[in-house]
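Asks: Here the working numbering is used: the first residue of the sequence shown is 843, the next is one more, and so on.
A virtual CB, placed ideally from N, CA and C, is assigned to each residue, including glycine.
Input: one structure, supplied below.
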Amino acid sequence: MKIVVILAHPKKGSFNHAIANMVVETLEGVGHEVIYHDLYEESFDPILRSAEIPKGACVDDVISNHCNEIANADGIIIVHPNWWGQPPALLKGWIDRVIRPGVTYEFEENDSGEGVPIGLLKAKAAIVFNTSNTYHEREMNVFGDPLETIWKNCIFGLCGVNNFYRKMYGVIVTSTIEERKSWLDDVKETVIRYFPKEG
């Protein structure tokens, strides 16, 4: 299987990097092909310009490559921190530029965009791993876990990937080495559960 892995965290050596490394190591260990992007390391340009918005618009080679990769992926894994209940701005820009009409979703013929979109992604599953410095109870009771809605409903559900799983690890800032090792074990188990070794 061909799996796209996207990391969005600016600090090298972050726990997000540790998660992404475990994801890639696990996928390769069971024989999958991995396409890995560290958006900050690659200096991904997140700015969506007006000329790019229409379906079929001309996009640069970087965006075209990302679009081809995501359209042809058998699985997608995203790793990012929870910042203000949202992905980092750089990752939001990746969503704006890569999760495009005609690539990841479309509308029925003669629909001007007011209807329910049709998902085009062929990925069999999508996973999002997040980190947070907010306790789970507070996240749920006070903020309502907006990242679940964003990724499950607004992005992957809309684009046709209904086999979705998201896990939040935290509190990062006060976590112990033992906790982090346990969380990385959980990452490995999750990845193998959704993308097992091909027989």
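Just to confirm my understanding: we take D1028, look at its own chain, exclude 5 residues before and 5 after, and list those with CB closer than 6 Å. What are they?
Replies: Cβ within range, chain order: n/a, list empty.
Asks: Would the beta-carbon of E948 fall within 8 Å of that of I960?
Replies: Cβ distance < 8 Å, so E948 and I960 count as in contact.
Asks: Could you pull out every unbroken beta strand (DSSP E) segment of at least 3 residues lying fully inside the stretch 874-927, listed in chain order?
Replies: Listed in chain order, they are 875-880 and 917-923.
Asks: Using a 10 Å radius around the Cβ and a threshold of 16 neighbouring Cβ atoms, would you call S892 buried or exposed?
Replies: Label assigned to S892: exposed.
Asks: Taking the alpha-carbon positions, what's the T1016 to L869 distance?
Replies: Using only the alpha carbons, I get a separation of about 29 Å.
Asks: Using DSSP with H/G/I as helix, E/B as strand and the rest coil, what is R942?
Replies: Note: R942 maps to coil in three-state DSSP.
Asks: Mapping DSSP to helix, strand and coil, what is G1041?
Replies: Three-state DSSP puts G1041 in coil, outside helix and strand.
Asks: Using a Cβ-Cβ cut-off of 7 Å (strictly less than) and excluding sequence neighbours within five positions of M864, which residues of its own chain qualify?
Replies: For M864, where only same-chain residues beyond five positions count, the Cβ hits under 7 Å are L1026, V1029 and K1030.
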